[in-house]
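Okay, structure first, notes after.
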Amino acid sequence: MKYLFYISMILLSVIYISSGCKDLLPQCRSLRNRCKEPVMAKFLSQNCKYTCKLCPGDENKGTCDDDGDNCNEMKSYCDKEPYKEMLKVRCKRTCGIC
């Protein structure tokens with residue numbers, strides 16, 4: 094059963110990498126709460142695929158997401174006190190928690 098999980102993760106990684114699924118704009122993280130707004134949906138679906146969870150396989154990812162706007166800037170603090178515990182909650186994806 095473990096092997097099936099690992100094989101699935103490898104396949105999803107290959108699909109993700111080959112899809113070129115990424116954000117095209119640096120502002121995508123700050124706009125992530127607007128991905129489903131009718132006014133912004135088309136624009137963000139074209140420019141912020143990664144942040145808006147529109148990459149192949151994203152429908153199975155669950156709720157692993159960053160809640161903080163500055164997670165990329167804080168990435169180097171993911172394993173350092175006193176930030177570690179806060180970042181585990183606010184920057185799950187960036188810190189590799191899930």
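Mapping the sequence shown onto the numbering used here, position 31 (from 1) lands on 124, and the numbers just tick up by one. Idealized CB from N, CA, C, for every residue including glycine. These numbers were taken from a predicted model, which means no experiment stands behind them.
Residue of the options minimising C-alpha distance to residue i
| i | options | result |
| --- | --- | --- |
| C128 | C141, L118, Y176 | C141 |
| C184 | P175, K173, E174, K168 | K168 |
| D160 | M133, E178, P131, R125 | R125 |
| N163 | D116, G113, K115, S123 | S123 |
| P203 | E166, C148, K135 | The structure shown has nothing for residue 203, since the chain only spans 94 to 191. |
| L147 | K115, L180, I190, P175 | K115 |
Residue burial classification, residue i (beta-carbon count within 10 angstroms, cutoff 16)
| i | result |
| --- | --- |
| C188 | buried |
| C157 | exposed |
| V132 | exposed |
| C145 | buried |
| E178 | exposed |
| L180 | buried |
Three-state class that DSSP yields for residue i in the structure shown
| i | result |
| --- | --- |
| I110 | Note that I110 has pLDDT 46, beneath the 50 cutoff, so the model's placement of it is unreliable and the number below is only indicative. Here I110 sits in helix by DSSP. |
| C171 | coil |
| K164 | Going by the sequence as given, residue 164 is Cys instead of Lys. Correct three-state label for C164: helix. |
Ranges of the alpha helix (DSSP H) found wholly within the segment 112-155, counting only runs of at least 4
Correct list: 134-140.
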